[in-house]
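The listed protein sequences correspond, in order, to chains A and B. Numbering-wise (our numbering), the first sequence opens with residue 1 and increments by one. Numbering-wise (our numbering), the second sequence opens with residue 1001 and increments by one. We put the beta carbon where it would ideally sit given N, CA and C, even for glycine. Note that the structure is predicted; figures quoted are calculated from it, not measured. Read through the structure below, which is laid out as structure tokens, and then see the notes.
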Amino acid sequence: MNAIDLYRWMLTSRQFESALSSRNPRWFSTEGEEATIVGSFAGIREGDIAAPHYRGPFVTYLMRGADMKRLACQAFGKAGGYSKGRSVPFMGPAALGFVPWVAGDLGTSLGIATGAALALRRGGRGRVCVCSFGDGTSNRGDFHENVNLAALWKLPIVYVCQNNGWAISQPSRSYLPAPIVERAKGYGIPGVALDGNDVEAVHGAVTQAMERAAAGDGPTLIEARTWRKGGHWANDKTPYRTAADVPDHPCDPLDLMRQRLLDRRLANAADLERMRDTLVAQVDAAIEYALSQPNAGEPEFGLDEVLAPANSV
Amino acid sequence: MNQVKTQADTGTAVRQPRLTFAQAVIEAIRHEMRADDTVLYLGQDVGPFGGVMQGTQGLYEEFGPQRVMETPISESSMAGVGLGASCFGCKPIVELSFGEFLPAAMNQLINQAPNLHYMTAGALSPQVVIRTRAGDGPYGGHPQDYSVWFCHVPGLKVVMPATPPDAYQLMRAAIRDPAPVLFVEPMSLSHGRREVVDLDAADATLGSARIARAGKDLTIVAYGSELPHVLRAAEQAALDGVDAEVIDLRSLAPWDETMVMASVRKTGRLLTVHEAWKAFGHGAEVIARVTEVLGAEGRTVRVGRVGARPVPIPSGPLRKLALPALQEIHTALLQTAGIAPRS
């Protein structure tokens, strides 16, 4: 993916997520983590499977063709959302090749993603799965069990730890005794730690790991070190954060990439201003549409759709 | 086993072999793996060893390591991988050797498996079978039976057959069912009596019960390891003048309400029997549902329950104090029928 598109998707995420945050105090804030999110999934191709972390997945859905209006419906529990209003607000379109968010637990997505990689290998078309998860989630047993299994079976999967330094109110020093990337050694797979605020670095490393996976050489563990600028959710004022917890110059991934575009003369300030205006209008229209839609109700409830009908196979 | 192997190897005529429960399960898996190469088998010790309690003998040799896959001891990953592979084109059977190992996979089995179809509005259907073994058995290990936990959560199917023909048919139906199915093998029956298994039969469906003994005075609803005891108790009760109807539930969730209701409408008496604990057990739900429905019809139902006593099932000789015994079933049967046991 080219530099302009990487920037556009990050800006899309920033605009869409901040609009959702301003209307839902319990929306998980994404600001600051866009480079890791976009970079992790910018190289996904038709037939690959994506298993994005719960923080900020909407842009990854959009990158694979999801409809922003339907995503806004999903966020607000409207009938027109991707789960008919049934699942958690950050779920996306499973039919577009995603491991879906169907519950609020953590770590299970690594298992489903690893199983998806098994299915992809059996499919034999060189397709891969990219699975991102948080630094908090990395302490689930599922991390160990699944990375171990994928390494053993050389499954076509890339594990990206979206390390934002926080697990709700706890700084990583309260739950990580050593860098996550070092665990790769224990499974005998490559481990890559990089600046998670640099979208090109993340995209490059993930693309390389995807090629390795597709070639049958197994998984890679990438630790993308980024920064959760806001709280755990939109109105979390982070009273638990001390000055010592905040880096001197927390890097904004959009500022970093914007400057690169200008330096490389890939865009000028006016171009980027127009890009922003266009996205703001698109986001506003999607949210306005969603808010005008009916809440999910009896027609979506689907008491008879809990079990797939046995005659469907 | 030799007989089965012979017919499997040559593909010739023995279509109605005499099989144990465990052999019948293997034949069902073999049948479906031959018919559909997206059916995979994941578990521990399923390679050359032939499976826990000889539970997969011959499968590895026939289908090879690409389809019969030995895993690390990682139940959560095994369940998750089974679910993930099933969402994207495979039909895995994941063997979690014993029911006591199910809790290690609970996040996948409770938070994910039942939700995937409903929460994605039907976009995904995890066609996966979780195979396990539970209850008292020939080796005395791993006796706790947690099967009923999984009945509480909408979106899972739970089956526990009690005969070799049902084991064969229900395993085949489970592999073909688009919903996640927990298939529980009662260990005390695994290597029990051989029965003729029709390898071409396919009349059992998930969710249907079976009349194991027709009667008119009292309905006994049982499943799994208790079936042989219940049938013996019913024959004893016949000497006391009580003609019991025995229903083998086979499917714990969903369960065959229609058959049970029809029977209790006829008998007016209902006794539930299972090896798992009585309190909060499957029988409690059956009785609640029957009294709810028949009560609304203005009927009264006399009820009783038999199940394990409320202790962690101990090992060794103590175990028989915890699990339901034939005499206890017989006594409960007569009490529910309204007859004092002969002294």
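Can you list, in chain order, the residues of its chain with a C-beta nearer than 7 Å to that of residue i? Leave out the 5 residues immediately preceding and following it.
i, result
"A:P57", "F90, G92"
"A:N202", "Note on residue identity: the sequence assigns Val, not Asn, to residue 202 of chain A. Excluding sequence neighbours, A:V202 sits near A35, T36, G39, S40, L194, G196, A224."
"B:D1009", "Its pLDDT being 47, under 50, B:D1009 is placed unreliably in this model, and the coordinates cannot settle the point."
"B:S1315", "G1140"
"A:R125", "G47"
"B:P1072", "none"
Which residues in the same chain have their Cβ closer than 6 Å to the Cβ of residue i, if we skip the five residues on either side of it in sequence?
i, result
"B:V1303", "L1270, I1287"
"A:G297", "none"
"B:M1187", "R1133, G1135, G1137"
"B:E1185", "R1133"
"A:N163", "D135, E223, R225"
"B:A1325", "none"
"B:L1170", "V1159, P1161, A1204"
"A:N2", "none"
"A:A113", "A51, V99, C129, C131"
"A:T137", "L106, G107"
Taking C-beta to C-beta, are residue i and residue j nearer than 8 Å?
i, j, result
"A:A66", "A:L110", "no"
"B:S1086", "B:P1126", "yes"
"A:V199", "A:V192", "no"
"A:P219", "A:V130", "no"
"A:F28", "A:V283", "no"
"B:M1259", "B:V1293", "no"
"B:P1312", "B:A1279", "no"
"B:R1213", "B:E1245", "yes"
"A:N197", "A:P247", "no"
"B:N1115", "B:G1155", "yes"
"B:G1268", "B:R1299", "yes"
"A:E33", "A:R228", "yes"
"B:E1061", "B:Q1044", "no"
"B:S1263", "B:I1247", "yes"
"B:Y1118", "A:E211", "no"
"B:Q1112", "A:A103", "yes"
"B:I1130", "B:E1032", "no"
Please name the residue, chosen from the options, that lies closest to residue i on a Cα-to-Cα basis.
i, options, result
"B:L1019", "B:G1307, B:L1189, B:I1220, B:K1320", "B:L1189"
"B:A1202", "B:D1166, B:M1187, B:A1113", "B:D1166"
"B:A1022", "B:P1161, B:L1116, B:R1034, B:Y1041", "B:P1161"
"B:D1243", "B:L1249, B:R1250, B:A1234", "B:A1234"
"A:F143", "B:I1175, B:V1081, B:A1173, B:I1130", "B:V1081"
"A:H232", "A:W9, A:L106, A:I168", "A:I168"
"B:L1042", "B:E1027, B:R1250, B:F1063, B:D1217", "B:F1063"
"B:L1275", "B:H1152, B:D1145, B:L1218", "The sequence shown places Glu at residue 1275 of chain B, rather than the Leu named in the question. Residue B:D1145 is the option with its Cα nearest to B:E1275."
"A:L149", "B:I1029, B:K1266, B:K1320, B:A1079", "B:A1079"
"A:R14", "A:G302, A:L279, A:L307", "A:L279"
"A:A310", "B:R1250, B:H1282, B:A1337, B:G1207", "B:G1207"
"A:T108", "A:N139, A:Y82, A:L120, A:G80", "A:N139"
"B:T1038", "B:D1200, B:R1030, B:T1291, B:G1089", "B:G1089"
"A:N295", "A:S83, A:P52, A:Y240", "A:S83"
"A:P190", "A:N268, A:I49, A:D217", "A:D217"
"B:L1323", "B:T1219, B:A1237, B:H1229", "B:H1229"
"A:S18", "A:A184, A:R55, A:R265", "A:R55"
Start and end of the beta strand (DSSP E) containing residue i?
i, result
"B:N1107", "Unbroken run through B:N1107: none, as it is neither H nor E."
"B:P1228", "Element bounds for B:P1228: not the beta strand (DSSP E) but the alpha helix (DSSP H), 1227-1239."
"B:R1305", "1302-1308"
"A:L221", "220-225"
"A:I157", "157-163"
"A:C129", "129-134"
"A:D142", "No beta strand (DSSP E) contains A:D142, which is instead part of the alpha helix (DSSP H) from 141-153."
"B:Y1041", "1039-1043"
Over what stretch of residues does the alpha helix (DSSP H) that includes residue i continue unbroken?
i, result
"B:A1022", "1021-1035"
"B:D1248", "Taken as a continuous stretch (DSSP letters only), B:D1248 belongs to no alpha helix (DSSP H), being part of the beta strand (DSSP E) at 1244-1248."
"A:A290", "269-292"
"B:E1297", "Per DSSP, B:E1297 belongs to no alpha helix (DSSP H) and is neither H nor E."
"B:S1188", "1187-1190"
Skipping 5 residues on each side, what residues in its chain have a beta carbon closer than 8 Å to that of residue i?
i, result
"A:L118", "W153, L155"
"B:Q1003", "Residue confidence for B:Q1003 is low, a pLDDT of 43 falling below 50, so the modelled location carries little weight and cannot support an answer."
"A:S22", "A234"
"A:R258", "Y7, L272"
"A:M68", "F16, L62, Q282, V283, A286"
"B:G1099", "T1132, R1133, A1134, G1135, H1142, Q1144, D1145, Y1146, S1147, V1184"
"B:A1253", "F1150, C1151, L1156, K1157, V1158"
Does the distance between the C-beta of residue i and the nearest non-hydrogen atom of the ligand ATP fall short of 7 Å?
i, result
"B:G1268", "Annotation note on the ligand ATP: not contained in the displayed structure, which lists no ligands."
> What are the uninterrupted segments assigned as beta strand (DSSP E) that are 3 or more residues long and contained completely in the region 1148-1173 of chain B, given in chain order?
Replying inline: 1157-1159
>> For a minimum of 3 consecutive residues, which ranges assigned as the beta strand (DSSP E) are wholly contained in the region 5-29 of chain A?
In response: none
>> Restricting to runs no shorter than 4 residues, where is the alpha helix (DSSP H) found entirely within the region 24-106 of chain A?
In response: 34-41, 58-63, 68-75
> Unbroken beta strand (DSSP E) runs of length 3 or more, entirely within the region 203-265 of chain A: which are they?
Replying inline: 220-225
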